[in-house]
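Q: Residue 204 is where the sequence shown starts when you use the numbering used here, and the numbers rise one by one after that. Virtual Cβ for every residue (Gly too), placed ideally from N, Cα, C. Since we're looking at a predicted model, the values are computed, not measured. Pasting in a structure now, in structure tokens, and then I'll have a few things to ask.
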Amino acid sequence: MKISINNHPYEAKQGERLLDIARSNHEHIGYFCGGNSICQTCYVKILEGSELLSPISVEEKALLSDTLIHEGTRMACLTTVEKEGTIRVVSLVEEVKRVFETNPLKLTDYAAKMGWESLVKFPDTMRMQGKREFDLWQLIADIISGIGDALQLLANAFIPVTSGDTEHTETCKPFQLSAFCNGNTDKESSEKREHIAA
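And the structure:
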């Protein structure tokens, strides 16, 4: 199965959670709680292929407002790939990054909207979380793993990466588009626009 996460293509297997696919491919996605549907940072927007995913669960309905569900938002930790086909998703953190890069003034509106949608579902979320039983040690291990992975991605964003050009010893700067490393601005490279920190 083909899946595109934040415009990067990957292979997926039936039954895999969107969160696990994103994490195993080092995609920009939130998972502070380690995939236990507590932190609500793994929101993704389904751009294509929603019919290929698991149906929206009772847990997701408790966490996501009707507006977010209508817009195609899902929880990556609760959504699995069920059928063959092409799926395209963008993570909430990637969406925020894009808003920041294109029009930072809209971040206030975006934050207000997401805050409101969370507030609307707060009572349902608390009822759902209150009924759950957790394996405390597994939960702690998952959270530590999620934090560790996030710290690794953060560290990788600040480590200079060489461009692969053996004629030059200059490296790409953190957060620099690889198409522009070492002065490389040819058309083919600029179309790729791969982000070093992704």
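Do the CB positions of L221 and A279 come within less than 8 Å of each other?
A: For the purposes of this step, residue 221 is taken as residue 18 along the sequence shown, with counting starting at 1. For the purposes of this step, residue 279 is taken as residue 76 along the sequence shown, with counting starting at 1. Contact: yes.
Q: Take Q243 as the anchor and find which of K264, N228 and S253 has the nearest alpha-carbon.
A: Counting from one through the sequence shown, the residue named residue 243 turns up at place 40. It is K264.
Q: What's the gap between the Cα of T270 and the Cα of K248?
A: The residue you call residue 270 lines up with position 67 of the sequence shown. The residue you call residue 248 lines up with position 45 of the sequence shown. Those two C-alpha atoms are separated by around 12 Å.
Q: Which two residues bound the contiguous beta strand (DSSP E) that contains S227?
A: Here residue 227 refers to the residue found at position 24 of the sequence shown. From DSSP, S227 is part of no beta strand (DSSP E) but of the alpha helix (DSSP H) over L221 to S227.
Q: Looking at the unbroken alpha helix (DSSP H) that takes in E214, where does it start and where does it end?
A: Indexing the sequence shown from 1 puts residue 214 at position 11. Element bounds for E214: not the alpha helix (DSSP H) but the beta strand (DSSP E), H211 to E214.
Q: Considering just the uninterrupted stretch of the alpha helix (DSSP H) at V302, what are its terminal residues?
A: Counted from its first residue, the sequence shown places residue 302 at position 99. First-last of the alpha helix (DSSP H) with V302: L295 to T305.
Q: Can you give the beta carbon distance from I272 to I259, rounded, assuming they're within the 8 Å contact cut?
A: By 1-based counting over the sequence shown, the position of residue 272 is 69. By 1-based counting over the sequence shown, the position of residue 259 is 56. The pair is a contact, with the Cβ atoms about 6 Å apart (cut-off 8 Å).
Q: Looking only at its chain, what residues have a beta carbon closer than 7 Å to the beta carbon of T372, apart from the 5 residues adjacent to it on each side?
A: Mapped onto the sequence shown, residue 372 falls at position 169. Only weak support is given to the placement of T372: the predicted model assigns it a pLDDT of 45, under 50, and the value that follows is read from those uncertain coordinates. Same-chain partners within the cutoff: there are none.
Q: If you count every other CB in all the chains shown that lies within 10 Å of the CB of N306, and 16 or more means buried, which is it?
A: Here residue 306 corresponds to residue number 103 of the sequence shown, with the count starting at 1. Answer is exposed; the Cβ neighbour count stays below 16.
Q: If I follow the unbroken beta strand (DSSP E) through I249, where does it start and stop?
A: Position 46 of the sequence shown, counting from 1, holds the residue named residue 249. I249 -> beta strand (DSSP E) spans Y246 to E251.
Q: Based on the DSSP secondary-structure assignment, which residues constitute the bridge partners of L256?
A: Looking up residue 256 in the sequence shown gives position 53. DSSP lists V284 as partners of L256.
Q: What are the start and end residues of the beta strand (DSSP E) that includes K205?
A: For this step, residue 205 is matched to residue 2 along the sequence shown. From DSSP, the beta strand (DSSP E) with K205 extends over K205 to I208.
Q: With DSSP as the reference, identify every bridge partner of V292, one or two as the case may be.
A: Here residue 292 corresponds to residue number 89 of the sequence shown, with the count starting at 1. Paired residues: I208 and I249.
Q: In angstroms with no decimal places, state the Cα-to-Cα distance between Y246 and V299.
A: Translated into the one-based positions of the sequence shown, residue 246 becomes position 43. Translated into the one-based positions of the sequence shown, residue 299 becomes position 96. Each residue's Cα considered, the two are about 11 Å apart.
Q: Nearest-angstrom Cα distance between N209 and S253?
A: On the sequence shown, residue 209 is found 6 positions in, with the first residue counted as 1. On the sequence shown, residue 253 is found 50 positions in, with the first residue counted as 1. N209 and S253: Cα-Cα distance of roughly 16 Å.
Q: Please name the residue or residues paired with T276 in a DSSP beta bridge.
A: Against the sequence shown, residue 276 aligns to sequence position 73. Answer by DSSP bridge pairing, in chain order: K248.
Q: Taking 8 Å as the cut-off, decide whether the C-beta atoms of E251 and T289 are in contact.
A: Within the sequence shown, the letter at position 48 stands for residue 251. Within the sequence shown, the letter at position 86 stands for residue 289. Contact flag set, yes.
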